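These protein sequences, in sequence, are chains A and B.
Using the working numbering, the final residue of the first sequence is 1006, and nothing's skipped along the way.
Using the working numbering, the final residue of the second sequence is 428, and nothing's skipped along the way.
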Amino acid sequence: MKLDREERAMRDGQRGPAREEAIRQQMAVGRVFDAEDFVEVAHVHLMADTESLGESGVEWLESIARLPEAERRVRVPTVTDPRGIDFCAYRRLKQEERMAALERRAIAAFESMGILMTDTCINYQSVLPPVRGEHLAYGDTGSTIYANSVLGARSNFEGGPAALAAALTGRVPRYGCHLDEHRRGTHLFEVRHRPRTWSDWGALGAVVGKRTGDYWSVPVLAGIEGAPTSDELKHFGAALASYGSVPMFHMAGVTPEAPDLASAFDGRPPPAAISLGQEDVDAFYASFGRHEDRVDVVVFAAPQLSLVELQAVARALDGKRVHPRTSLLLATSPEIKSAADRMGITATVEAAGGVLLRGVCFYQMYARELGEANGWTNLLTNSAKLVNIISGYGYRPVLATTEECIEAAVRGRM
Amino acid sequence: MTAARARLLTIRGHPGIGPKVTGEALVAKDDFSARYDLDRVKGVFSRPGHRLHGESYVGRVLVLNTAKGGVATSWMLREMSARGMGPAALLLNLANPIMAQGASFADLPFMDRFESDITDAIATGDRVTVDPVAGEVTVEAESPRAGRPGEVAGEAER
């Protein structure tokens, strides 16, 4: 890889051991993907929940935090993805003190590096929306696909250590979504039925993701008339990224790099269209079955909820009471939680027996131990992303609309 | 002493990451995510429906199709290795950045983009040597299997 003077200085250890290790890791990744050089990033979004980090990851962070300030500070604004512990709620959720202790250590290390603890995967809605053409290092698949597709910014999936490396070096290897050639459409989907609910949008994202294949594919959707909302695109993108490991999509006439179908394919002839209708979305829902006997936990998360989603859930819950054998959890960012507190949304949720969690997301908070401690197996959610992730943690997930989820939370079953 | 004869075949791929290593293969045509698929405490595949469900991956050369899912694998590979509960190497037909980043962080031997489908070329139980710098994987198979591309003449003594 071609290195400039500053990059060589980092590689040679002149900027301290953390930046040296960071850029050497980045160069190894760059060589795998044939990157010719680095590109500077405007900001970084860091996914580093303690469940993923483990003890060894936290120790590694602490080794960076012990370095002199000039060697440990991040070089560009760096914000964090959801954490594993909500300190206001973890005892209620029967999370263990060892988890909270590890979380505290990780936070102290991040803060000493100058990282902003935003604890959110909806940073593009709530913290700092990316700008078209901006190069970024984003660390959540949902935030990355939204930044690339809906906003026209440029980021690969940068997993935790890679995003932290980007924060320390201020750059990333230039490959994948940073290059025009990897942003062109590769698959075409003709959508015959516009999704209605958030879970429908997620289900459509899952269906497209399953048929798209891999990271280097860019699905293009045709047939969506008029702009979906931010939350609809959020659910669609998060599920697409989760099922397809896809970092980018185009929606002809909607997203900025696809004003029309031809632009999405950069003027090349599009491939044969795959037609998707209501039956494909219905089949996706049906593949999870229903929890007609018992629902243990209803989860609104993955991605964290916007203020608009929180308001909708609170309205549906208003005056109702969650069934004694069922738990109801919602997760949002600290900033949106403050807004929800201020606007009475939190009070409505809590009065109905729900728990509004701050700065965490369900699958990033030791979901296996959480399920075992609380006796949760049958899970209901409106998140197509969550149903994909959570079965590996010992849950039986079912996808349903927001209204069905609320109704089941109140009845204790579907 | 009888030396069992095993056929050697070499498969070329894109140069990868990490040191040269030899180990026993664990192979499936499924995709891979450490968060979605594994019980990392027990060291087994835990996702229902994954073809390796219940299989231990610890110390094995893990051979799968492509990367799927989220970003967490990039932390997890190093964390698994630090506890002695990681795979010996990871070979994929097609990786995403997360797998490469995770391998780089963990210094785990890793390669992708082979000249043929790596999940066909290697079978579970094969003894496999992964040389990421050279971009080569060498397989010692008990007996020749039909339809293995990239096979070269050669025999190894075991």
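The C-beta atom is built at its ideal place from N, Cα and C for all residues, glycine as well.
Nothing here was measured: the structure is a model prediction, and the numbers come from that model.
Nearest CA to the CA of residue i: which residue from the options?
i                      : options                       : result
residue 757 of chain A : A/719, A/652, A/827 and A/931 : A/652
residue 313 of chain B : B/369, B/352, B/389 and B/373 : B/352
residue 749 of chain A : A/761, A/768, A/742 and A/762 : A/768
residue 644 of chain A : B/408, B/294 and B/341        : B/341
residue 925 of chain A : A/942, A/896, A/808 and A/656 : A/896
residue 691 of chain A : A/711, A/846 and A/642        : A/642
residue 804 of chain A : B/329, B/336 and B/288        : B/336
residue 299 of chain B : B/329, B/364, B/279 and B/285 : B/364
residue 384 of chain B : B/346, B/408, B/344 and B/294 : B/408
residue 657 of chain A : A/678, A/881, A/638 and A/698 : A/698
residue 680 of chain A : A/955, A/621 and A/949        : A/949
State yes or no: is the C-beta of residue i nearer than 7 Å to some heavy atom of the ligand COA?
i                      : result
residue 293 of chain B : Absence of the ligand COA is noted for the structure shown, with no ligands found whatsoever.
Alpha carbon to alpha carbon, what distance is there between residue j and residue i?
i                      : j                      : result
residue 798 of chain A : residue 977 of chain A : 8 Å
residue 593 of chain A : residue 628 of chain A : 5 Å
residue 322 of chain B : residue 687 of chain A : 30 Å
residue 833 of chain A : residue 741 of chain A : 11 Å
residue 967 of chain A : residue 939 of chain A : 26 Å
residue 972 of chain A : residue 964 of chain A : 16 Å
residue 290 of chain B : residue 354 of chain B : 18 Å
residue 958 of chain A : residue 861 of chain A : 46 Å
residue 934 of chain A : residue 609 of chain A : 45 Å
residue 947 of chain A : residue 979 of chain A : 20 Å
residue 890 of chain A : residue 921 of chain A : 6 Å
residue 421 of chain B : residue 325 of chain B : Unreliable positioning characterises residue 421 of chain B in this predicted model, as indicated by a pLDDT of 43, which lies under 50. A coordinate reading is not provided.
residue 905 of chain A : residue 995 of chain A : 8 Å
residue 923 of chain A : residue 913 of chain A : 19 Å
residue 661 of chain A : residue 706 of chain A : 9 Å
residue 397 of chain B : residue 623 of chain A : 27 Å
residue 721 of chain A : residue 710 of chain A : 13 Å
Does the Cβ of residue i have 16 or more other Cβ atoms within 10 Å, making it buried, or fewer, making it exposed?
i                      : result
residue 731 of chain A : buried
residue 394 of chain B : exposed
residue 953 of chain A : buried
residue 605 of chain A : exposed
residue 700 of chain A : exposed
residue 675 of chain A : buried
residue 287 of chain B : buried
residue 901 of chain A : buried
residue 888 of chain A : buried
residue 427 of chain B : The predicted position of residue 427 of chain B is uncertain, since its pLDDT is 33 and thus under 50; a value taken from the coordinates is nonetheless stated next. Residue 427 of chain B comes out exposed.
residue 597 of chain A : exposed
residue 599 of chain A : buried
residue 873 of chain A : buried
residue 695 of chain A : buried
Are any of the Cβ atoms in chain A nearer than 8 Å to that of residue i?
i                      : result
residue 307 of chain B : yes
residue 384 of chain B : no
residue 422 of chain B : Reliability fails at residue 422 of chain B, whose pLDDT of 42 lies under 50, so the model's placement of it is uncertain and the value that follows must be treated cautiously. For residue 422 of chain B, the answer is no, since every Cβ of chain A falls outside 8 Å of its Cβ.
residue 388 of chain B : no
residue 298 of chain B : no
residue 379 of chain B : no
residue 289 of chain B : no
residue 406 of chain B : no
residue 427 of chain B : Any reading at residue 427 of chain B is ruled out, since the residue's pLDDT is 33, under 50, leaving its predicted position unreliable.
residue 336 of chain B : yes
residue 330 of chain B : no
residue 346 of chain B : yes
residue 393 of chain B : no
residue 285 of chain B : yes
residue 374 of chain B : yes
Return yes when the Cβ of residue j is within less than 8 Å of the Cβ of residue i, no when it is not.
i                      : j                      : result
residue 670 of chain A : residue 631 of chain A : no
residue 864 of chain A : residue 856 of chain A : no
residue 780 of chain A : residue 866 of chain A : yes
residue 853 of chain A : residue 828 of chain A : no
residue 892 of chain A : residue 974 of chain A : yes
Applying a beta-carbon distance threshold of less than 7 Å, which residues of chain D neighbour residue i?
i                      : result
residue 749 of chain A : Absent from the structure is chain D; the protein chains it does hold are A and B.
Could you confirm whether any beta carbon from chain B is found closer than 8 Å to the beta carbon of residue i?
i                      : result
residue 794 of chain A : no
residue 623 of chain A : yes
residue 620 of chain A : yes
residue 737 of chain A : no
residue 762 of chain A : no
residue 617 of chain A : yes
residue 657 of chain A : no
residue 645 of chain A : yes
residue 807 of chain A : yes
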